[in-house]
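Protein chains: 2
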Amino acid sequence: MPGAPTLEHFLCFALYSTSHAFNRVYKPLLDAIGLTYPQYLVMTVLWEQDGLLVGQIGEKLALESSTLTPLIKRLEAAGLLQRTRDTKDERQVRVTLTPRGRAIKAQAASIPACILEATGQAPEQLMRLKGDIDALRNQLEQAAQGGRSGSSRVITPREETEHG
Amino acid sequence: MPGAPTLEHFLCFALYSTSHAFNRVYKPLLDAIGLTYPQYLVMTVLWEQDGLLVGQIGEKLALESSTLTPLIKRLEAAGLLQRTRDTKDERQVRVTLTPRGRAIKAQAASIPACILEATGQAPEQLMRLKGDIDALRNQLEQAAQGGRSGSSRVITPREETEHG
DNA sequence: AACGATTTAGTCGTGTGCGATTTAATATCC
DNA sequence: GGATATTAAATCGCACACGACTAAATCGTT
C-alpha cells in the first residue's frame with residue numbers, strides 16, 4: 234500500500250521551503266545593498282542586458298506585470314533605474330539603469346561566492362541539480378499551459394529556445 | 234573563464250521559478266476545494282497529525298507565526314479547523330480539524346497523482362531530486378543559522394575574483 | 001479611414017512571507 | 001514571593017505574487 238501522502242513525500246514542498254531557505258541566506262547580503270531578492274533578480278537581468286522592456290523582464294523571470302510594475306517603481310524611487318515610455322510604441326516601458334544602478338553591480342559581485350559557500354556543495358553537483366530542476370520546471374509549465382485532462386495538446390505559439 | 238554571473242547560472246532562481254511553476258499547476262486543483270497552496274500544506278500537516286500547536290505547524294513548514302496566524306484564521310473562518318487556547322498553557326493555541334476539515338481530505342486525495350503526472354517524470358527520479366534538494370536546504374539552514382558566529386562573513390568585492 | 005481585436009502596462013483586491021514589536025502567560029532567579 | 005527573563009501567538013508594516021480588470025496604444029481587416 235502506498236500510504237497517505239504526507240509532507241515528507243512532497244517534492245513541491247522541498248522546492249518551496251528550500252526557496253525560502255535560499256532567501257534567508259540572501260537576506261543579510263542583500264540588505265547591505267538595499268535590495269530584496271526579487272529586486273536583485275531584476276537588477277541581475279538588467280546588468281546582463283540594459284534597456285529591456287517590462288514585458289521582457291517578466292518573460293525572463295516568469296513574473297506578471299502586476300508584480301513587476303510596483304517592484305520596478307520601487308527601484309526607480311531608489312534611484313537605481315529609470316522608466317521611459319518608448320517613443321515608437323507608447324504602450325511599452327523601457328527600463329534603463331542609472332549610474333547608481335550600474336554601480337551597485339560591483340557591490341553585488343561578491344554575493345554568488347557567498348551563496349556558493351553557503352550551499353556547502355561542489356559547483357558540479359549544484360549545476361547538475363539546477364539542470365534537473367530546470368527540466369522539471371519546463372515540464373510543469375507545459376502541464377500548466379496544456380491544463381485539462383491530458384489528451385488535448387496545446388501548440389505553443391512560440392518556440393522556446395532554451396538553454397540546458 | 235567564469236564570466237559575469239547571469240540569471241542562467243542561478244540555482245536559487247531555478248528553485249524560485251520552479252516553486253512558482255508548481256503553484257500554477259496546483260492552483261486549478263486547489264481552487265476546486267477552496268484552498269491556497271500554503272493552506273493546503275497546513276491541512277496536509279493536520280491530516281497527518283491533528284491537534285498540533287501553531288508553533289509545531291510552523292516548525293514543520295518553516296513558517297513564522299506572523300505568517301501562520303492569519304492563514305490559520307482564514308481556515309477557521311472557512312470552517313475547516315478550530316483554534317483553541319490550551320488550558321494548561323494559555324500561551325499556546327491548539328489547532329484541531331472540524332468534520333469538514335477532515336472531509337476535504339478525500340477531495341484532495343487525487344491531487345498528488347495529478348501533480349505527479351504534471352511532472353512527467355518517474356517517481357524514482359523525483360524522489361532522488363527531492364533528496365538532493367532536502368540536503369541543500371539543510372545546508373542552507375545551517376549557513377543561515379551559523380552565519381553570524383561562523384567563519385564566513387560578507388566578502389568584499391575585491392577578493393571576489395578568485396571565486397568563480 | 002473606421003472600428004473591432006490585440007497588446008502592453010498599470011491598478012486593485014486577496015493572500016502570503018517575514019522582521020520588529022507587542023501582549024499575555026509561564027518559568028526562573030534571588 | 002516578587003521581580004525578571006523567557007516563551008507563544010498575535011499585530012503591524014512592507015514587499016511580493018497573481019488573477020481580474022482597466023486604459024491606452026497599435027494592429028488588422030475591410
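Line by line, the protein sequences are chains D and H. The numbering of the first sequence is this note's numbering, which starts it at 234 and goes up by one. The numbering of the second sequence is this note's numbering, which starts it at 234 and goes up by one. Heads up, the beta-carbon is just placed ideally off N, CA and C, and yes, glycines get one too.
- When only Cα atoms are considered, H:P356 and D:D365 end up about 14 Å apart.
- At least one CB atom of chain D sits nearer than 9 Å to the CB of H:E350.
- Residue burial is scored here from C-beta neighbours: H:K321 has fewer than 16 other C-beta atoms within 10 angstroms and is therefore classed as exposed.
- Among the residues facing chain H, D:G353 is included, as its CB has a counterpart in that chain under 9 Å away.
- At a cut-off of 9 Å between beta carbons, H:K321 makes no contact with chain D.
- Within the region 271-356 of chain H, the complete alpha helix (DSSP H) segments of 4 residues or longer fall at 287-294, 298-310, 332-341, 344-352, listed in chain order.
- For the pair D:Q372 and H:H253, the Cα-to-Cα distance works out to about 13 Å.
- If you check the CB distance, H:R316 and H:K306 come in under 9 Å.
- Distance from the CA of H:A342 to the CA of D:I344, rounded to the nearest whole angstrom, comes to 42 Å.
- Apart from the 5 residues on each side of it in sequence, D:L279 sits with its Cβ closer than 6 Å to the Cβ of L330 in its chain, given in chain order.
- Taking a C-beta distance under 9 Å as the contact criterion, D:R370 and H:T251 qualify as a contact pair.
- The Cβ atoms of D:L308 and D:G334 lie closer than 9 Å to each other.
- Judged by beta-carbon spacing, D:V258 lies within the 9 Å limit of D:I348, meaning their Cβ atoms are closer than that value.
- The Cβ neighbour count for H:E292, taken over all protein chains shown within 10 Å, is under 16; the residue is labelled exposed.
- What D:R335 touches in chain H, judged by beta-carbon distance under 7 Å, is nothing: the nearest beta carbon there is about 12 Å away.
- For H:D264, the nearest beta carbon of chain D is not closer than 9 Å to its own beta carbon.
- Residues of chain D with a Cβ closer than 7 Å to the Cβ of H:E374 are, in chain order, A254.
- Interface annotation, H:S250: in contact with chain D, CB-CB separation under 9 Å.
- Annotation: the continuous alpha helix (DSSP H) that includes D:F246 extends over 244-264.
- Taking 9 Å as the cut-off, the Cβ atoms of H:K338 and H:M276 count as close.
- At the C-beta level, D:G353 and H:A346 stay beyond 9 Å of one another.
- Here DSSP, grouped into helix, strand and coil, assigns H:L369 to helix.
- Apart from the 5 residues on each side of it in sequence, H:L313 sits with its Cβ closer than 8 Å to the Cβ of M276, L330, T331, R333, G334, I337 in its chain, given in chain order.
- Between the C-alpha atoms of D:E281 and H:Q289 there is a straight-line separation of about 43 Å.
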